[in-house]
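Numbering (our numbering), first residue to last: 19 to 418.
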């Protein structure tokens with residue numbers, strides 16, 4: 019598996035990531051070809067080798083000829099959606115801008131559609147975001163990890179006037195992200211850089227076990243007392259080497275105790291929790307004060323979905339509050355395969371460890387549907403699908 023690690027000792031910005039990607043082998047011509055799919059005009063990509071302190075690094079700058087229009091979130095999403103870029107690039111780039119719009123709206127007390135992006139909506143930001151996502155896609159990177167981010171104190175000038183560091187939008191984006199204070203009055207983590215880091219990174223922390231094949235060094239636009247560079251380590255990781263970090267994720271656990279709700283409403287509550295982004299939701303019977311029977315309603319979700327799941331709790335249940343905690347979940351690598359049975363195709367959920375299949379479970383809904391269509395027992399479909407799955411995996415391992 020090919021992974022990348024972002025070493026952000028001097029912070030992170032879009033052009034620093036582009037510079038590192040160029041050093042890793044994503045050529046200027048390839049970047050420009052991808053960016054041309056956006057249909058933007060009046061821009062040029064300047065790539066040059068520079069020194070930052072004693073280090074050589076690649077600086078990528080976007081030259082814009084003439085003024086560019088202000089753009090709303092809808093404008094930006096339309097530009098990306100209407101392009102001929104591969105779907106994974108479009109979806110990730112749109113996620114970055116959606117995150118930016120969300121925090122800018124919070125900072126300025128407006129709706130997301132009222133936000134005109136100024137710097138963010140300009141051509142250079144579109145180039146930074148789409149170019150970065152496309153660059154990692156070209157390198158075949160499957161997972162990206164990022165170091166904790168440095169946070170300075172001071173002020174930065176923007177289209178909205180002087181703003182404290184980290185910039186308010188960047189500060190909101192860095193919620194639930196490991197960071198540390200540094201003695202600097204320079205903007206180290208830009209809002210665009212923060213949005214990219216949060217959107218493309220699987221996890222934040224030390225470098226995971228990996229065999230490094232190449233290192234790209236991207237330069238920031240300004241000179242600091244220390245080298246203003248971002249390094250990207252590119253390499254391979256196997257399942258056995260990654261046993262731990264590659265299979266560990268940070269999730270939010272939301273729970274509440276309920277003893278005053280009609281049990282018939284629990285089904286709609288669970289549906290609402292899943293619709294809000296819950297990865298798992300369940301009820302646990304308990305005995306509450308004064309001997310009253312009740313339930314613990316629990317929901318597990320990604321950190322970015324926590325607020326929506328919280329709203330679902332308050333909207334669909336009788337609770338007045340929810341306990342929220344951040345947990346670490348370790349799980350096996352999973353994928354879906356498909357096998358053919360006498361009655362039709364069945365999806366198989368496959369779990370691997372050390373690159374070997376150790377679990378293979380047919381999807382119940384597929385088995386139930388086929389059993390109903392052909393008037394056979396669900397168990398018959400399930401057992402045959404499982405047997406065919408293990409035969410398939412055994413043959414694959416023997417070929418290896």
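We put the CB at the ideal spot given by N, CA and C, even for glycine.
Rounding to the nearest angstrom, what Cα-Cα distance links residue i and residue j in this structure?
i: residue 337; j: residue 216; result: 31 Å
i: residue 187; j: residue 73; result: 30 Å
i: residue 160; j: residue 307; result: 50 Å
i: residue 29; j: residue 197; result: 10 Å
i: residue 402; j: residue 352; result: 21 Å
i: residue 202; j: residue 241; result: 12 Å
i: residue 183; j: residue 125; result: 14 Å
i: residue 230; j: residue 250; result: 10 Å
i: residue 64; j: residue 48; result: 14 Å
i: residue 311; j: residue 155; result: 53 Å
i: residue 91; j: residue 131; result: 6 Å
i: residue 393; j: residue 361; result: 10 Å
i: residue 279; j: residue 396; result: 35 Å
Answer yes or no: do residue i and residue j have a C-beta to C-beta separation smaller than 7 Å?
i: residue 387; j: residue 357; result: no
i: residue 206; j: residue 245; result: no
i: residue 237; j: residue 77; result: yes
i: residue 343; j: residue 271; result: yes
i: residue 55; j: residue 103; result: yes
i: residue 121; j: residue 214; result: no
i: residue 269; j: residue 318; result: yes
i: residue 107; j: residue 151; result: yes
i: residue 219; j: residue 162; result: yes
i: residue 347; j: residue 267; result: yes
i: residue 252; j: residue 75; result: no
i: residue 291; j: residue 330; result: yes
i: residue 222; j: residue 195; result: yes
Under a Cβ-count criterion, where at least 16 other Cβ atoms within 10 Å of its own Cβ denotes burial, should residue i be classed as buried or exposed?
i: residue 173; result: exposed
i: residue 33; result: buried
i: residue 138; result: Confidence at residue 138 is low in this model, with a pLDDT of 43, below 50, so its placement is unreliable and the value that follows should be read with caution. By the neighbour-count rule (16 or more Cβ atoms within 10 Å), residue 138 is buried.
i: residue 112; result: buried
i: residue 298; result: exposed
i: residue 376; result: exposed
i: residue 323; result: buried
i: residue 243; result: exposed
i: residue 263; result: With a pLDDT of 42 at residue 263, under the threshold of 50, the modelled position of that residue is not reliable, and no figure is offered here.
i: residue 51; result: exposed
i: residue 382; result: exposed
i: residue 345; result: exposed
i: residue 110; result: buried
Skipping 5 residues on each side, what residues in its chain have a beta carbon closer than 8 Å to that of residue i?
i: residue 141; result: 58, 60, 61, 80, 82, 86
Assuming the contact rule is C-beta atoms closer than 8 Å, residue i and residue j should be a hit. Round their C-beta distance to whole Å, please.
i: residue 42; j: residue 157; result: 6 Å
i: residue 315; j: residue 273; result: 7 Å
i: residue 16; j: residue 167; result: Nothing can be reported for residue 16, as the shown portion of the chain is limited to 19 through 418.
i: residue 313; j: residue 304; result: 7 Å
Can you give me the Cβ contacts of residue i inside the same chain, cut-off strictly under 6 Å, excluding the 5 residues immediately before and after it?
i: residue 165; result: 25, 26
i: residue 326; result: 294, 295
i: residue 355; result: 366, 368
i: residue 400; result: 380, 385
i: residue 200; result: 168, 170
i: residue 341; result: 273
Residues in the same chain with beta-carbon distance under 7 Å from residue i, minus the five sequence neighbours each way, listed in chain order, please.
i: residue 146; result: 32, 33, 36, 210
i: residue 15; result: Because the chain is modelled from 19 through 418, residue 15 falls outside the range shown and cannot be assessed.
For the ligand FMN, I want to know if residue i counts as a neighbour, meaning its beta carbon is within less than 6 Å of at least one of the ligand's heavy atoms.
i: residue 237; result: Here there are no bound small molecules, and the ligand FMN is not part of this structure.
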